[in-house]
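Student: Take UniProt numbering: the final residue in the sequence shown is number 217, and no numbers are missing along the way.
C-beta atoms are modelled at their ideal positions from N, C-alpha and C, and glycine is treated no differently.
My questions will all concern the structure given below.
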Amino acid sequence: MAPCAEFQEGARESFERASGGLERSFEPEPRRLQVRYARSGREEEEEEAVYEDPGERSRPRILVSLQSMTALKALCEREFDRAGAIAGMLSECRTAYFRELQYLREQLILATKPEHLVLHNTVMSYDVYFFNPPQYVDENLREYLQNCIRLTHKKLIEELFELQKDQRADPDTLIRTLLRKVGAAKYVRRAWAILTSKREGSAEQAREMESAVAELL
1 MAPCAEFQEG
11 ARESFERASG
21 GLERSFEPEP
31 RRLQVRYARS
41 GREEEEEEAV
51 YEDPGERSRP
61 RILVSLQSMT
71 ALKALCEREF
81 DRAGAIAGML
91 SECRTAYFRE
101 LQYLREQLIL
111 ATKPEHLVLH
121 NTVMSYDVYF
131 FNPPQYVDEN
141 LREYLQNCIR
151 LTHKKLIEEL
161 FELQKDQRAD
171 PDTLIRTLLR
181 KVGAAKYVRR
191 AWAILTSKRE
201 GSAEQAREME
211 SAVAELL
């Protein structure tokens, strides 16, 4: 004999209370419910068809319009997409951050090696960034950052032009420029350090420089 409906309903409620409300009904679709009510100050009753979640049995409940539920659903979807975009941006920032740390660590290791001390100042005079600032800001700051990037590019192009012009100049002009920048004593010491270094040195040129200095003295 099949159990009565009241027994089945009571058994379901007891099971849900015992499991802490974690178990829900497996009915996926809303259930139609016909309600009848009387508004305050009116004698006639109104009848309306509403829909309930079969798996939600807690009380009290509130009736809202379908339009409100649709608007709430659209809002939740927009916030979900926004949260996903922010999570992706934070992931890119984290990756760029660790790449910069790795680059700085490598430069520190290179700087501590004696054969790279001469090139240390040249290497560290340039900043290396893996971040893409315009990608992480809102529209109000995007144009400002792009203008800053344009000015930086302009400065780099001007420096490159000056370097190319110096490279095409005659050796005497280059030597005079270096003497004005670093002085005669530092120029000689730097030239000697380069000629005697293991990486870029030349024993023959070092002997030539030593002989030339001895003749001058």
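To the nearest whole angstrom, what separates the beta carbons of Ala-49 and Arg-31, a pair I think is in contact under 8 angstroms?
Tutor: Not a contact, Cβ separation roughly 11 angstroms.
Student: Nearest-angstrom Cα distance between Ile-194 and Met-89?
Tutor: Between Ile-194 and Met-89, the C-alpha separation is close to 46 angstroms.
Student: If you run the structure through DSSP and keep just helix, strand and coil, what is Leu-33?
Tutor: DSSP places Leu-33 in strand when its eight states are reduced to three.
Student: Taking C-beta to C-beta, are Glu-45 and Arg-36 nearer than 8 angstroms?
Tutor: Going by C-beta atoms, Glu-45 is nearer than 8 angstroms to Arg-36.
Student: Assuming Leu-178 and Tyr-187 form a contact by the criterion Cβ under 8 angstroms, report the distance between their Cβ atoms to the nearest whole angstrom.
Tutor: Rounded, the Cβ-Cβ distance is 6 angstroms, consistent with contact.
Student: For Glu-43, which of helix, strand or coil comes out of DSSP?
Tutor: Here Glu-43 sits in coil by DSSP.
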